[in-house]
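Counted from 1, the sequence shown has number 79 at position 78 by the working numbering; the numbering is strictly sequential. Backbone N, C-alpha and C define an ideal beta-carbon position, used for all residues, glycine too. Just below is one structure, and these are the notes that go with it.
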Amino acid sequence: MVSYAKRFLGVPYEFGAADYSTSKTFDCSSFTQHIYDHFGVDLPRLARDQAQRGSAVSRSSLKAGDLIFFTVPGRFSSDKIPGHVGMYIGDGKFIHTWGDPGVQISPLDSGYWNEQILSMRRI
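This is how it looks when you write it as structure tokens:
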């Protein structure tokens, strides 16, 4: 799953992206939806709905392929609603898409995203 996701590094980000097959872009949840779909798992389109699937896991139990949900401060009426999602790839890193350069790998345990984690789920 991780190697398949990495094939998309650099694919442009577009908020509310249409299906990748036509738009050749992703937003965060269309990216995770596309990756899981490739492996026969049907995920909802939105991060907040994806966050209702699977079972909760702790940071110490994260495995490659688990989804990590983040707040995007000010996006929704509550900062407890997930506004961003990425997929854990191991080694303290996750793959996601956000702004420029599009699909990218970021550290989970430091930097901006570490401060925004809401939950982690195994699908």
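Query raised in the report: What residues match up with Ile118 in a beta bridge as DSSP calls it?
Result: Sequence index remark: in the sequence shown, residue 118 carries index 117 (1-based). Looking at the DSSP assignment, Ile118 forms a beta bridge with Phe71.
**Report entry** Leu63 to Trp114 span [Cα, whole Å]
**Finding:** Taking the first residue of the sequence shown as 1, we reach residue 63 at position 62. Taking the first residue of the sequence shown as 1, we reach residue 114 at position 113. So the alpha carbons of these two residues sit roughly 16 Å apart.
Query raised in the report: Does the beta-carbon of Phe16 have 16 or more other beta-carbons within 10 angstroms, so that it is buried, or is it exposed?
Result: In the sequence shown, counting from the first residue as 1, residue 16 sits at position 15. Exposed is the call here.
Query raised in the report: Going by alpha carbons, who is nearest to Gln117 out of Gly91, Asp92, Gly87?
Result: On the sequence shown, residue 117 is found 116 positions in, with the first residue counted as 1. Nearest C-alpha to Gln117: Gly87.
Query raised in the report: Bridge partners of Arg123, per DSSP?
Result: As a first step, residue 123 must be located in the sequence shown, where it is residue number 122. Paired residue(s): Ser56.
Query - Minimum C-alpha distance to Met121 - residue among Tyr5, Pro13, Ala57 - result: Your numbering for residue 121 matches position 120 in the sequence shown. Closest option to Met121, Cα to Cα, is Ala57.
Report task. Provide the residue span of the beta strand (DSSP E) that contains Ile96, from first to last. Result -> Taking the sequence shown and counting its residues from 1, the one referred to as residue 96 is at position 95. That run of the beta strand (DSSP E) goes 94-98.
Query raised in the report: Can you tell which of Asp110, Gly11, Pro102 has its C-alpha closest to the C-alpha of Gly91?
Result: Taking the sequence shown and counting its residues from 1, the one referred to as residue 91 is at position 90. Comparing Cα positions, the closest option is Asp110.
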